[in-house]
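>
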Amino acid sequence: MDLQSELLKSIWYAFTSLDVEQSGKVSKSQLKVLSHNLYTALNIPHDPVALEEHFKDNNNGPVSNQGYMPYLNKYILAKATEGTFSKEIFDELCWTLTSKKNFKPTIQHGLCSQKDCFKLFCLFNLLSEDRYPLVIIQPELEYLLKKISSAMSLDWDETLLEELLSQNVDLQDGMSVWEFLEHLSAGQLLRVESKEAFSLAVEDVFMEMYHNIIKKGYLLKKGHVRRNWQERWFVLKPSGLTYFVCEDLKEKKGEIPLEESCVVENLPDKEGRRCLFCVKTPNRTYEMSATNLKHRVDWVQAMQTVLRLRAEGKTSLHQELKLSRRKQRETLQRSHSNQSDNSEPTAVEASLHSASEQQRETERLEQHIESIIQKQREVEAKHKEEEKQEREKQQAMQIDLVRQLEEAKEAKEKMTATLTEMEKEVQQQKKRIHELELTQLKLEEALNAQIHARLEEDRIRQDLESQLAEEQAKLAELLLRQSQQETPAVRSQDDTSTKTRPINQQPEESSQPKTEEVPIHESASTAAPPSIQQPEESGHHNTEMLKHWTVQLNRLMKPIAPGDKSEHLPVKPTCPRQGQALTSTEFITKVQTGVGQEKGNGYSPSPPPQEEEE
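Count the sequence shown with this note's numbering and you get residues -10 to 603, in order.
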């Protein structure tokens, strides 16, 4: 079946979905929208005027299917080129248009999801008969159900289909896509254990039959420039061998064209690699490594099958199998018709023999394909098992790592708590150290103050000692002077007292000053500083002092006659201590000095030696 016939099946669904009244005709405006969408999906330059020019003579209203077909063949299907567009996107556009009208919600609530229904829709169109309305006959339906059951690793139970056909006689001539989806979703065609397994099986069959994927899997490929080995995901189709980074098919790394001149052969082990094989093309040799010998055999056989298809000029393996099954059915029908017409037995036997040969060839080819597919599924199952084991191993490692991480977190938390406590203790120690430093500073200041006070006290003591020494020296000098002046002064006083005693007639008056002077002497003596008082006063010293006071009193008791010469009196213009009182010793010395000068020939205003020193 060519490309235009495949595209026309999907377009037929889209056209019939626009026929709401089921009259077989669609309005021009709807056809314009449909044509524009088909142009976009097929990647063809859009010509909006072509539809108007094609139907300019037809102004009677809607266009029928027969009227739209010439325009469709001329302007759309004739310009479609394989490889310039995505057929899956094109079929999805037509599915979207037809599912809005014909898809029942009960189908989606059953076994099939929306995506599964689209994939089954594409597989249905691939296996349906080339007559409209499109239906799938019983042999093709059995083939599809067997493929899906085999993908689920289950044996297909044909009794379900037989029961359904026996209950619905109309389905024996063919089943439409909506009837197929309805019965399959209701579980009347397959026994399914789970919806997930069914979806995976539909996906595998869809990739195999619709996208013509003969084999897929991981292989190690040797680089052309860097010459290193890299793991790549390979997809084998009749058009060639394509490899990607991983199985999500998002990043394509390259493609190996498989032509009639290509050769696939095994290689001996080398460079530490086993299960090697190569694909020799006219331009380059591609070296690859399988995981084991079985995988290498499967890949080599699959590539040789592709090379055989290319040599026979076939582009799709499943299309060729479909044509082979159709020819076989036609041969069987002709043989049955010949038997009914009582034709010659030899011709019937020849036709039956040729039909049986074709059937055996078809079965052999199908068995070969099934073996390749089964091997691929076994490889995929083993790969999934290895992935599962690896995933479990990774999960165990992850659990171990999580446990180690938790232990590390706990240790970290403990360490953090310890560090926090240590930091608190450090802060406390720092605070105590700071307080001790402050205390030390205060103690140092107190010590310095005490040292300064002690030094000041020592200095003051030294000053006092020096003053005491000076005072003692002065006292000694004073006593020396007093001793020197004692004898002449006593004598002069005695003479004066003998002369003045007859004149003095008032003893009461002379006694009163004496009684008054005694307290003065006592107060003066008590007012003297302790440093100049001698503790050992002898009786001789008291006698001498009494003599001095007697002389002083006698002098004070001398009357002053009127008109006496006052210039002979010793007058000192200034006091030796201004604003201060004289001590008794100073007073006595001053009086004695004045008396001595008076006995001399004149008054000397110079102060006594003690006053000069002071």
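All C-beta atoms in this analysis are idealised placements derived from N, C-alpha and C, irrespective of residue type, glycine included. Fair warning: this is a prediction, and the values are worked out from it, not measured in the lab.
Counting beta carbon pairs with one atom in the stretch 71 to 91 and one in the stretch 0 to 7, are three or more of them shorter than 8 angstroms?
The answer is yes - the stretch 71 to 91 touches the stretch 0 to 7, with three or more Cβ pairs under 8 angstroms.
> Applying the criterion that 16 or more other CB atoms from any shown protein chain within 10 Å of the CB defines a buried residue, is I202 buried or exposed?
Buried, by the Cβ-count rule.
> Going by beta-carbon coordinates alone, are Q(-7) and L112 separated by less than 8 angstroms?
Cβ distance not < 8 angstroms, so Q(-7) and L112 don't count as in contact.
> Return the CA-CA distance between Q461 and Q471, expressed in angstroms with no decimal places.
C-alpha separation (whole angstroms): 15 angstroms.
> By the DSSP assignment, the alpha helix (DSSP H) with R297 in it spans what residues?
First-last of the alpha helix (DSSP H) with R297: L282 to A300.
> I need the boundaries of the beta strand (DSSP E) containing E276, first residue and last residue.
Segment T274 to S278, the beta strand (DSSP E) holding E276.
> With 16 as the cutoff for other CB atoms within 10 Å, does R285 come out buried or exposed?
By the neighbour-count rule (16 or more Cβ atoms within 10 Å), R285 is buried.
> Once DSSP output is grouped into helix, strand and coil, what is the label at W145?
The answer is coil: DSSP assigns W145 none of H, G, I, E or B.
> Excluding the 5 residues preceding and the 5 following Q19 in the sequence, name in chain order all residues of the same chain whose CB lies nearer than 6 angstroms to its CB.
Result list for Q19: L7, in chain order.
> At a cut of 8 angstroms, does the stretch 314 to 322 reach the stretch 251 to 270 through at least three beta carbon pairs?
Cβ pair count under 8 angstroms is below three, so no.
> Note down the Cα distance separating A435 from L457, rounded to an integer number of angstroms.
Distance between the alpha carbons of A435 and L457: 31 angstroms.
> Going by DSSP in three states, P37 sits in which element: helix, strand or coil?
The answer is helix: DSSP assigns P37 an H, G or I state.
> At 4 residues or longer, what runs of the alpha helix (DSSP H) sit wholly inside the stretch 146 to 180?
The stretch 146 to 180 contains these whole alpha helix (DSSP H) runs: 148 to 156 and 166 to 174.
> Counting along the chain, where does the beta strand (DSSP E) carrying F223 start and finish?
From DSSP, the beta strand (DSSP E) with F223 extends over W218 to K226.
> Within this structure, are the beta carbons of K604 and L225 separated by less than 8 angstroms?
Residue numbering for the chain in the displayed model covers -10 to 603; residue 604 lies beyond these limits and cannot be assessed.
> Quick check on the burial criterion: 16 or more other C-beta atoms within 10 angstroms. Buried or exposed for D105?
Buried, because 16 or more other Cβ atoms sit within 10 Å of the Cβ of D105.
> Determine the burial state of M141: buried for a count of at least 16 other Cβ atoms within 10 Å of its Cβ, exposed for fewer.
M141 is buried by the Cβ-count criterion.
> How far does the beta strand (DSSP E) with T85 in it reach, from first residue to last?
Careful: T85 lies outside any beta strand (DSSP E), inside the alpha helix (DSSP H) at K76 to N91.
> How many angstroms separate the CA atom of E192 from the CA atom of K398?
E192 and K398: Cα-Cα distance of roughly 45 angstroms.
> Looking at L100: is its Cβ nearer than 8 angstroms to the Cβ of V181?
Result yes, Cβ atoms of L100 and V181 sit closer than 8 angstroms.
> Assuming the contact rule is C-beta atoms closer than 8 angstroms, E131 and L150 should be a hit. Round their C-beta distance to whole Å, please.
About 7 angstroms; that satisfies the 8 angstroms criterion.
> Please confirm whether T274 and C264 have their CB atoms less than 8 angstroms apart.
Against a cut-off of 8 angstroms, the Cβ pair of C264 and T274 comes out as no contact.
> With H, G and I counted as helix, E and B as strand and the rest as coil, what does DSSP make of E454?
DSSP places E454 in helix when its eight states are reduced to three.
> Whole angstroms are fine: how far does the CA of Q387 sit from the CA of T70?
Distance between the alpha carbons of T70 and Q387: 51 angstroms.
> List the endpoints of the continuous beta strand (DSSP E) containing T231.
Residues G229 to F233.
> Alpha carbon to alpha carbon, what distance is there between D447 and Q473?
Using only the alpha carbons, I get a separation of about 38 angstroms.
> So S228 and S102 are supposed to be a Cβ contact under 8 angstroms. How far apart are they, rounded?
Not really, about 30 angstroms apart at Cβ, beyond 8 angstroms.
> List the residues that DSSP assigns as beta-bridge partners of P246.
G229, per the DSSP bridge assignment.
> I need the boundaries of the beta strand (DSSP E) containing N255, first residue and last residue.
Run containing N255: V252 to L256, per the beta strand (DSSP E) assignment.
> Using a Cβ-Cβ cutoff of less than 8 angstroms, which residues in the same chain neighbour Y57 once the five nearest sequence positions on both sides are dropped?
Excluding residues within five positions, the ones whose Cβ falls inside 8 angstroms are F4, V15 and L20.
> Closest to K210 by CA distance: which of D146, H307 and M277 is it?
Taking only the C-alpha atoms, the option nearest K210 is M277.
> Please classify V9 as buried or exposed, where buried requires at least 16 other C-beta atoms within 10 Å of its C-beta.
Looking at its Cβ environment, which holds fewer than 16 other Cβ atoms inside 10 Å, V9 is exposed.
> In or out: V124 buried (at least 16 other Cβ within 10 Å) or exposed?
By the 10 Å Cβ count, V124 comes out buried.
> Whole angstroms are fine: how far does the CA of K93 sit from the CA of L31?
Distance between the alpha carbons of L31 and K93 is about 28 angstroms.
> By the 10 Å Cβ neighbour count, where 16 or more other Cβ atoms means buried, how is H25 classified, buried or exposed?
Exposed is the call here.
> Does DSSP put Y207 in a helix, in a strand, or in coil?
DSSP places Y207 in strand when its eight states are reduced to three.
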